[in-house]
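Under our numbering, the first residue of the sequence shown is numbered 73, with each subsequent residue one higher. Think of the CB as a built atom: it goes at the ideal place given N, C-alpha and C, for glycine as much as any other residue.
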Amino acid sequence: MTSTIVNRLRQNSECLAPLIMLEAADTIERLTIERDKARRELCQEIFTNGGLRPSEYARHRCWDCYQEDGK
Numbered sequence: 073m074t075s076t077i078v079n080r081l082r083q084n085s086e087c088l089a090p091l092i093m094l095e096a097a098d099t100i101e102r103l104t105i106e107r108d109k110a111r112r113e114l115c116q117e118i119f120t121n122g123g124l125r126p127s128e129y130a131r132h133r134c135w136d137c138y139q140e141d142g143k
């Protein structure tokens, strides 16, 4: 899907740029949500197996998946 968006950006940059930019932004937001969910699942698994608390493990990996604002 990402390559489709990239191709559309390149082929139609003048007439579709606003639409493509919104689509790209939506895709980036969705992927970020999915990534953070997967990271939190891994952090929980580490904790379940005797490791660091989830937020500590995330901080150790420099992940921001527990920050509410996503920044």
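Between the C-alpha atoms of residue i and residue j, what's the straight-line distance to the nearest angstrom?
i    : j    : result
T104 : G123 : 25 Å
P90  : I118 : 42 Å
E95  : D108 : 20 Å
T120 : E113 : 10 Å
T76  : E106 : 20 Å
C134 : E128 : 10 Å
So residue i and residue j are supposed to be a Cβ contact under 8 Å. How far apart are they, rounded?
i    : j    : result
C137 : R111 : 4 Å
For residue i, count neighbouring C-beta atoms within 10 Å of its own C-beta (all shown protein chains included) and say buried if the count is 16 or more, exposed if not.
i    : result
C115 : buried
A18  : The question about residue 18 has no answer here: the residues shown for the chain are numbered 73 through 143.
Cβ of residue i less than 8 Å from any chain B Cβ?
i    : result
A110 : Although the question refers to chain B, the structure presented lacks it and comprises just one protein chain.
At which residues does the alpha helix (DSSP H) containing residue i begin and terminate?
i    : result
R131 : P126 to H132
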